[in-house]
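Everything on this sheet refers to the single structure shown next.
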Amino acid sequence: MQAQLGVWYHYQMAQLRRWFQSHTWLRFAQKKKIASILKHITSHIPFYQEFAGSTFSHLPIVDKSVVQDNFHKMNTLQCSRAEAMNLISTKPMKLIAHQSIGTSGEPGIFLFSAKESIKASISVLKDMLLPTWLQRQKIAFFHLNNPYFPILEDLYFLKARFYDLNEDFEKHLFDLHSFKPDVIVAPVQTLRMLAMMKQEQKIHLDPKRIITTTEVLTSFDESYIATAFKQNVHQLYQCAEGWLGATCEYGTLHIDEEQYFLEKEWIDKERFIPVITALNRYVQPLVRYRMDDILVLKTKPCLCGSAMTAVEKISGRCEDTLYFPSKDQALRPVYADHIHQALRVVSGNVHQYQLIQYSVHRLVVKIQASNFLQAIECIEQQFEKLFFSHGLKRPLLEFVPMEALPLNQTFRRTQRLSKCT
Ligand SMILES: [Zn+2]
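Numbering (the working numbering), first residue to last: 1244 to 1664.
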């Protein structure tokens, strides 16, 4: 009962802050929290003790490999990755880990105390639910390996069900029909699968809101899912490091700057790599942490009036950027969102595609299509235009059929395997 009231209170407070928050207030609150984090890390985190007395801007920028390689020196428990996993299995109510699904090397582990976890999930919850105060909402979460919290399962204003994608999908569909969720939260490819089933009338679900997580929402997927469910697709910017942002009622993705201080490492005039500092995490602080994502800044202010940074789109991970030689032989980047935008028009002929770059001269294009030859022709035309507009030499395009996607693995539509930079 007390826990329910606590969640309800924090949820309503978060809603109120959202309405009354100003840019000045936000920066003031961030400054106070950064001072507190700085004091905490230089006193309690071995990795930062040599920086005692330094200002925030003099702290090093770290990335996933630095954090994972120095894991034992970067948490208050001073435990190794193996010890942390052991602690989580023996004391799951006190410590929670988010794990990244590593595409190369060891997966990243990020620790949260149970309290930090609940606060973070409540902060995200306000962005997921429908803007109604009276109706008890039903929310269905499909997830890969990220923990969700039983405390959210049965509240007065919310009923949640969790569907593990490592389990039987057919069973989940059966349950989903009896549950009749108002909101579905799922990785992009799971929502795409549900969208396809809806188009084929194999499922009869009418959620009022659909939210994608985990994987990058490309324009190719967005238009397909939006058409099938006859509504805009919302996004939750979620990764192992935490929940970094969500779309507002106008469909703009805002970084959650109540939870994260954001610095921008600019790539060009509009694209940047986020460098984040978690403002409410003390067990394993994330301080000046360079993400592996490329974001495109929204230049026009969002109509919702939020003081939080607005993002036009998540372009993709840094490794999703492909590189090709230009006429003068210099390698130029082609960002994943440019490719997906160019291939958006082929969605009538292509059910699924995936691009894997093996070298600057060789690009493998995997496709699922009812008419394979016609699909090849459409994609070749779009690539011709794309490479011409970027002034690039066209690589050898190798078309192969694509197998059905396993939903229990994170899907990456674009991958650069070779060191092309
Ligand atoms: Zn907005």
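Using N, Cα and C, we set each Cβ at its ideal position, and we do this for glycine too.
For residue j and residue i, believed in contact at Cβ under 8 angstroms, the rounded distance
i, j, result
"arginine 1605", "leucine 1639", "5 angstroms"
"serine 1549", "cysteine 1491", "6 angstroms"
"methionine 1317", "isoleucine 1288", "6 angstroms"
"leucine 1586", "isoleucine 1622", "7 angstroms"
"glutamate 1508", "isoleucine 1516", "4 angstroms"
"leucine 1401", "arginine 1379", "7 angstroms"
"threonine 1495", "leucine 1650", "The Cβ separation is near 28 angstroms, so there is no contact."
"histidine 1497", "threonine 1552", "7 angstroms"
"glutamate 1484", "methionine 1534", "7 angstroms"
"serine 1558", "alanine 1573", "Rounded, the Cβ-Cβ distance is 21 angstroms, inconsistent with contact."
"isoleucine 1599", "phenylalanine 1642", "Not quite, the Cβ-Cβ distance comes to about 12 angstroms (not below 8 angstroms), so this is no contact."
"leucine 1522", "lysine 1276", "4 angstroms"
"serine 1356", "leucine 1330", "About 11 angstroms; that fails the 8 angstroms criterion."
"tyrosine 1601", "valine 1608", "About 12 angstroms; that fails the 8 angstroms criterion."
"phenylalanine 1422", "lysine 1369", "That pair is no contact at about 22 angstroms."
"histidine 1283", "tyrosine 1525", "6 angstroms"
"alanine 1472", "lysine 1441", "In the sequence under discussion, the amino acid at residue 1472 is phenylalanine, which differs from the alanine named in the question. At roughly 7 angstroms, the Cβ-Cβ gap stays under 8 angstroms, so phenylalanine 1472 and lysine 1441 are in contact."
"tyrosine 1503", "alanine 1489", "Contact doesn't hold; Cβ gap of about 12 angstroms is too wide."
"glutamate 1458", "valine 1431", "4 angstroms"
"proline 1303", "arginine 1531", "7 angstroms"
"glutamate 1513", "leucine 1487", "The pair is not a contact, with the Cβ atoms about 19 angstroms apart (cut-off 8 angstroms)."
"glycine 1351", "glutamine 1311", "6 angstroms"
"valine 1554", "leucine 1565", "So it is not a contact: roughly 21 angstroms between Cβ atoms."
"threonine 1455", "glutamine 1478", "5 angstroms"
Closer than 7 angstroms: residue i CB and nearest ligand 3 heavy atom
i, result
"proline 1424", "The model depicted lacks ligand 3 and carries ligand 1 instead."
Mind listing which residues have their beta carbon within less than 5 angstroms of any non-hydrogen atom of ligand 1? Chain order is fine.
Cys1491, Tyr1493, Thr1495, Cys1545, Cys1547, Ser1549
So within the segment 1542-1580, which uninterrupted beta strand (DSSP E) runs reach at least 3 residues, ignoring any that extend past its ends?
1553-1560, 1565-1568, 1574-1577
Jot down the residue ranges of each uninterrupted alpha helix (DSSP H) in the segment 1352-1431, minimum 4 residues, whole runs only, in chain order.
Whole alpha helix (DSSP H) segments, 4+ residues: 1357-1371, 1412-1422.
Stretch-stretch touch, CB-based, cutoff 8 angstroms, three pairs: the segment 1617-1628 with the segment 1566-1573:
Cβ pair count under 8 angstroms is below three, so no.
Can you give, in chain order, each stretch of the alpha helix (DSSP H) that sits fully within the segment 1269-1342 and has at least 4 residues?
Correct list: 1307-1312, 1324-1333.
Ignoring anything shorter than 3 residues, give me the beta strand (DSSP E) runs that lie fully in the segment 1448-1500, in order along the chain.
Fully enclosed beta strand (DSSP E) runs of 3 or longer: 1452-1456, 1476-1482, 1485-1490, 1496-1498.
Does the structure place the segment 1422-1437 close enough to the segment 1448-1455 that three or more beta carbon pairs sit under 8 angstroms?
yes
Check whether the segment 1546-1565 touches the segment 1289-1302, counting contact only when three or more Cβ pairs, one atom from each stretch, lie closer than 8 angstroms.
no
Does the segment 1577-1592 come close enough to the segment 1462-1474 that 3 or more CB-CB pairs lie under 8 angstroms?
yes
Pairs of beta-carbons, one from the segment 1272-1290 and one from the segment 1309-1316, closer than 8 angstroms: are there three or more?
Touching, yes.
Please give me, in chain order, every unbroken run of the alpha helix (DSSP H) with length at least 4 that falls completely inside the segment 1606-1636.
1615-1633
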